[in-house]
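Following full-length UniProt numbering, the numbering of the sequence shown begins with 1 at its first residue and continues without gaps.
Yeah, the Cβ is synthetic: ideal placement off N, Cα and C, and Gly gets one too.
Computed from a prediction, not measured in an experiment: that's the story for all the values here.
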Amino acid sequence: MSDQAKPLSGLRVLVPRGGIWGDLVSQALREQGAQTVIAPLVDFAHTSEEEKLVAALHDLENGEFDWMTATSATVADVLKHHNAVFHERTKVAIVGEATAVAFREAGYPVTLTPKEDENSTHQLLKEWHEIDAGNVLRVLTLRSDVATPVLTQGLISRGHNVTQVLAFRTIGVPASVHIREDIDSGRINAILVASAKIAEQVREQFVNVPKDTLVVCVGENTLAAAAELGLPGCSEGNSTLRQAIIDAVESAIDHSDMLD
Numbered sequence: 001m002s003d004q005a006k007p008l009s010g011l012r013v014l015v016p017r018g019g020i021w022g023d024l025v026s027q028a029l030r031e032q033g034a035q036t037v038i039a040p041l042v043d044f045a046h047t048s049e050e051e052k053l054v055a056a057l058h059d060l061e062n063g064e065f066d067w068m069t070a071t072s073a074t075v076a077d078v079l080k081h082h083n084a085v086f087h088e089r090t091k092v093a094i095v096g097e098a099t100a101v102a103f104r105e106a107g108y109p110v111t112l113t114p115k116e117d118e119n120s121t122h123q124l125l126k127e128w129h130e131i132d133a134g135n136v137l138r139v140l141t142l143r144s145d146v147a148t149p150v151l152t153q154g155l156i157s158r159g160h161n162v163t164q165v166l167a168f169r170t171i172g173v174p175a176s177v178h179i180r181e182d183i184d185s186g187r188i189n190a191i192l193v194a195s196a197k198i199a200e201q202v203r204e205q206f207v208n209v210p211k212d213t214l215v216v217c218v219g220e221n222t223l224a225a226a227a228e229l230g231l232p233g234c235s236e237g238n239s240t241l242r243q244a245i246i247d248a249v250e251s252a253i254d255h256s257d258m259l260d
C-alpha cells in the first residue's frame, strides 16, 4: 500500500509515552501512514513502598514465591534498577506486548503470557491453569500505583497467598514549549490519550487545543477518566481517522499496557 493510500497518511500524531511502549505504538501508527511525535506526558518515580519492594525482591531471589506477575514494561526497569535476581523455581506471568518485550530485552524469564490475539489480564486468568488446580500458590504481584489490580484481585479471590507491591509511581511530565506551540498552532493533528493519568495531563497542559485536532482516547478506563475530567473531544463519535488511530494502537498495545 502506498503512503497516500494509508488511512493515516499525512496525520501528525502525538504519542504521550516513551520507551518500548512509545516505540511500539509509533511503529504501528507509522505503518498506517502517520507521522509521530513522541512527547512523554507521564514518567515513573520511586515507589512509596520501597522497603516492602526491597524485601519482596529479596524473597524473590531466595525462591520464596511460586510465581511473579507484571502488567507493565516499567516493572522490568524497576527490576533492573534493583539488580533483581529470579530464583530458578519461580515462574513469571506477564500481560502486554510491551511488557513481554521489556522482560526479554532485560534477560528476565517469561513463563506465561496470554495468546497474542487477546493479550489481556482477564485472558491470563483464563489460561493460567495452575491457579485453579487446588494448590495455594505464593505469588508476587508488581504494579503501578494507578493500575487497576485486576490480576491481584483475581488471584486473591481464588485463595492464593498474594504479596502485592506498588513497584513504581506514575507522575506527570511537563511537555516542552515546542510541543505546546505545535499543539496550539494545530501542527499536531491528533493527540493520543492512552491512560487516565495521560488524560489528566492533556487536560491540564493543553488548554488551547484547536477544535479540529483529534483527541483520541483508547481503552474504557481512559474514556471514563476523560469524561470525568471533561476532556474535550475524547467522547465524540469515532470518525474514520479516529478509529484508524485506535485500531493501530490496539494492534500494538493491549489495554493492560495502558493502565500505568
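What three-state label does DSSP hand Phe168 in the structure shown?
strand
Is Asp23 helix, strand or coil when you go by DSSP?
Correct three-state label for Asp23: helix.
Going by CA-CA distance only, name the one from Ser120, Leu124, Leu155, Thr121 that's closest to Gly134.
Leu155
Leaving aside the five residues before and after His82 along the sequence, list all residues of the same chain whose C-beta is less than 6 Å from its C-beta, in chain order.
Leu57
Give the straight-line distance between the Cα atoms of Val177 and Gln205, rounded to the nearest whole angstrom.
11 Å
Taking 9 Å as the threshold (C-beta atoms), are Thr90 and Leu60 in contact?
Inclusion of Leu60 and Thr90 in the CB contact set at 9 Å is warranted, their separation being smaller than that value.
Can the beta-carbon of Leu140 be found closer than 9 Å to that of Val162?
yes
Output yes or no for whether 9 Å exceeds the beta carbon distance between Ser26 and Thr74.
no
Check the Cβ-Cβ distances between Ala225 and every residue of chain C, and say whether any is below 9 Å.
Protein chains in the displayed structure number just one, and chain C is not present.
Please work out which residues of its chain come closer than 6 Å, Cβ to Cβ, to Ala45, disregarding the five sequence neighbours upstream and downstream, and give them in chain order.
Arg169, Ile171
Would you please state the rounded distance, in angstroms, between the beta carbons of Val249 and Pro232? I believe it to be under 8 Å.
Val249 to Pro232, Cβ: 20 Å. No contact.
How many Å lie between Val54 and Asp182 at the Cα?
About 42 Å.
Measuring only the C-alpha atoms, how far is Thr222 from Gly230?
12 Å
In three-state terms, what does DSSP make of His87?
coil
On the CB-based measure, 16 or more other CB atoms within 10 Å of its CB, does Asn189 come out buried or exposed?
Result: buried.
Buried or exposed for Glu97, please, with buried defined as at least 16 other CB atoms from any protein chain shown within 10 angstroms of its CB.
buried
Could you name each continuous beta strand (DSSP E) segment of 3 residues or more that falls completely within the stretch 66 to 142, going from the start of the chain to the end?
67 to 70, 91 to 94
Report back the beta-carbon spacing between Glu151 and Thr69 to the nearest angstrom; my notes put them in contact at under 8 Å.
For the record, residue 151 in the displayed sequence is Leu; it is not Glu. With a Cβ gap of about 6 Å, Leu151 and Thr69 count as contacting.
Kindly list the residues whose CB is nearer than 6 Å to the CB of Ala252, restricted to its own chain and excluding five residues on each side of it in sequence; keep chain order.
Leu24, Val25, Ala28, listed in sequence order.
Considering only residues of the same chain and omitting the five flanking positions on each side of Gln123, which have a CB-CB separation below 6 Å?
Pro114.
Can the beta-carbon of Glu105 be found less than 9 Å from the beta-carbon of Ile20?
yes
Could you name the residues of the same chain whose beta carbon sits closer than 8 Å to that of Val92, not counting the 5 residues immediately before and after it, in chain order?
Excluding sequence neighbours, Val92 sits near Trp67, Met68, Thr69, Ala70, Phe86, Phe103, Tyr108, Pro109, Val110, Thr111, Leu112.
Could you tell me which residues DSSP pairs with Leu14 in its beta bridges?
Val37, Ile191
Comparing C-alpha positions only, which one of Glu88, Thr47, Ser48, Gly186 sits nearest to Glu64?
Glu88
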